[in-house]
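Just below is one structure, and these are the notes that go with it.
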Amino acid sequence: MYITRVVIKNYRCLSGSDIELNPSLNIIVGDNECGKSTLLEAIHLALSGQLNGRPIQTELHPYLFNANAVRSYIAALIGGKRDFPPSILIELYLADHVALSKLKGRNNSLKKDVPGVKLLIEFNEGFKAEYIDYIKEPKPIRTVPVEHYIVRWRDFADNDVTARSIPLKPSFIDASTLRNSGVANRYVLDVVKDSLTREEQVGLALTYRQMKDRFLAEPKVAAINAGLAAKKGTASEKAITVSLDSSSRASWELGVMPHLDDIPMTLVGKGEQSSVKIKLALDNGDKSHLFLIEEAENHLSFSNLANLINHIATKRVDRQLLITTHSSYVMNKLGVDAVLMFKNGIATKLTSLTPKTRDYFLKLPGYDTLRLVLSKRAILVEGPSDELVVQKAFHRKHGKMPLEAGVDVISVSSLAFKRFLEIADVLKIKVDVVTDNDGSVAKLKEKYKDYLPHGHISIQFDPRESDNTLEPQLLAENGRQMLNDILGKSYATDAELLRYMESNKTEVALKLFETDKVWKVPEYIQRAIQ
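The opening position of the sequence shown corresponds to residue 1 in the UniProt record's numbering, with each subsequent residue numbered one higher.
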């Protein structure tokens, strides 16, 4: 069982989203504040009816509503229109499965005859008279009147639902919620509790209560209570004693503290807390059909992250996973073809990547592919020396560094150029490749023949085959005297200078980057920095 599609309207930063999901793995990437976390939260809300661990009815507040929708509503009121306030809609379209047949119908915005559930937060017309009176003077109104709203939670067959009546069970794992010591403790205890049988929970509660009884039987405690009893009639007409709290709010769940190697959970490092939370939830997720994981890389070193990602890949098996990330390693290791590029509420898939490209990044997860996926424009170069030269040339031409202008210069092995271009082609990202001709323009054109006609992809190279790499091209453009001057050398021949430059590529590029002297930029690099 899995979600095929999510439709969201006016929920937080998502004003209108229609997102098709992969049946198994979905890696959601995008800029900060683009709605990745909101998407996971909305899915969990529609399946559980809960927000922040509490029923949504008790968590209603104006900031759940899309800010633009609220502004439009207030502007309409001030303009004389007496419209009802905006509503929130979250619809989950599910794959056809015999266990979901009771949820099947056309009670959805797309009128599709499929299983699904929807959660609607809308104006309650039972308060219509109060509302009309409320909006008579619209100028003081600053937000939506949530006290006039109702939550409707129904399936696509138009029946009311609860979390128990929805067979698709989610596990929402947010490793970032370590705001205070109690959060991690509470989360881990919830997972531990879910892993216990009913008999084990009863046995633990009984043992905890018996421990409290033994506390009162301790001689020192009995002596203290005897002394306090003597004060009866002085402080109170009732006997005063000390005991452990045995009320319902003092159950074993609140009194038990999880430990790691005898150290309280709240005192271990955040990285370990994060990893434990995720692993416990996955290990205890046999009853879950869907995992929603928020930024698994939080607080983890590279080696620990590698271990965790392997654990996630193993434990997920065939269940659906939605994971948000800012890590190229996470994206590459789990599978770059499963990426959903999230922007302006729209998710663009990378499922059309070839198996060769997917396997390439899976085997070599060190590539910073996320920089390309998130970029508006990129320049791909072959190494650090090319990167320094391009950065300097761009700054000279535009008066600012590439990133300040929204252009990411990414150093990539030439063997990976075509893999990156495949991603750029799917996402329609403007990319310039700055590459050596390696002494054969014909072979270079053959290598990139599939991308030469593309308007958003350009392959930039020098057509002079005698100047087959960056260093001879720089020498040809600037001459020996200029380069000797910049590098602080005094080579007598071009051949000697070229040998030095080719043996010290990064050092030469750094000198060119740092100098105030105006050196000539090769034509093919000039084309890339337009």
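We put the beta carbon where it would ideally sit given N, CA and C, even for glycine.
This one's a predicted model, so the numbers in the text were calculated from it and none came from an experiment.
Residue i, enclosing alpha helix (DSSP H) - first and last residue
| i | result |
| --- | --- |
| PHE361 | 355-363 |
| GLU384 | Residue identity check: residue 384 is Pro in the sequence provided, not Glu. Run containing PRO384: 384-398, per the alpha helix (DSSP H) assignment. |
| TYR134 | 128-134 |
| GLN526 | 523-528 |
Of the listed residues the options, nearest to residue i (C-alpha basis)
| i | options | result |
| --- | --- | --- |
| LYS430 | LEU388, SER466, ARG377, GLU465 | ARG377 |
| TRP153 | ILE423, ILE43, ILE525 | ILE43 |
| LYS102 | LEU510, LYS220, ILE90, ASP158 | ASP158 |
| ARG319 | LEU353, LEU282, LEU305 | LEU282 |
| GLN473 | MET501, LYS447, GLY488, LYS489 | MET501 |
| TYR524 | GLY406, SER440, ALA393, LEU512 | ALA393 |
| GLY53 | ASP337, SER171, SER327 | SER171 |
| GLY455 | SER352, ASP432, ASN437, PRO463 | ASP432 |
| ILE90 | VAL276, ILE56, TYR367 | ILE56 |
| GLY383 | LEU362, PHE302, LEU510 | LEU510 |
| SER413 | TYR367, SER458, LYS443, ASP450 | TYR367 |
| SER275 | ASN124, VAL434, ASN298, SER288 | ASN298 |
| ASN10 | ASN66, GLN50, ILE27 | ASN66 |
| GLU20 | LEU350, LEU444, ARG358 | LEU350 |
| LYS112 | ARG5, LEU362, ALA230 | ARG5 |
| LYS505 | ILE141, LEU487, LYS447, ALA229 | LEU487 |
| ASN478 | ASN468, ASP494, GLU465, PRO463 | ASP494 |
| LYS81 | ASN22, ALA313, LYS136 | LYS136 |
C-beta contact flag for residue i and residue j at 9 Å
| i | j | result |
| --- | --- | --- |
| LEU64 | PHE342 | no |
| ALA476 | PRO522 | yes |
| SER87 | LEU120 | yes |
| LEU470 | ASP386 | yes |
| ILE166 | LEU47 | yes |
| ILE379 | PRO402 | yes |
| ASP155 | VAL117 | yes |
| PHE291 | ILE173 | yes |
| PRO115 | LEU94 | yes |
| LEU512 | LEU388 | yes |
Integer Cβ distance of residue i from residue j, believed to fall under 8 Å
| i | j | result |
| --- | --- | --- |
| LEU427 | THR348 | 6 Å |
| LEU372 | ILE423 | 6 Å |
| VAL7 | ASP18 | 5 Å |
| GLN460 | ARG527 | 5 Å |
Status (buried if at least 16 other CB within 10 Å, exposed otherwise) for residue i
| i | result |
| --- | --- |
| ALA296 | buried |
| LYS333 | buried |
| VAL330 | buried |
| THR354 | exposed |
| GLY345 | buried |
| GLU33 | exposed |
| VAL518 | exposed |
| VAL98 | exposed |
| THR207 | exposed |
| LYS520 | exposed |
| ASP160 | exposed |
| GLY182 | Unreliable positioning characterises GLY182 in this predicted model, as indicated by a pLDDT of 40, which lies under 50. The coordinate reading is nonetheless provided below. Exposed, since its Cβ has fewer than 16 Cβ neighbours within 10 Å. |
Enclosing beta strand (DSSP E) for residue i [first to last residue]
| i | result |
| --- | --- |
| SER17 | 14-20 |
| ASN10 | 3-11 |
| VAL330 | No beta strand (DSSP E) holds VAL330; the alpha helix (DSSP H) holding it covers 328-334. |
| SER458 | 457-460 |
| ASN26 | 25-29 |
| VAL431 | 430-434 |
Residue i Cβ short of 8 Å to the ligand SAH heavy atom set
| i | result |
| --- | --- |
| TYR131 | The model depicted lacks the ligand SAH and carries no ligand whatsoever. |
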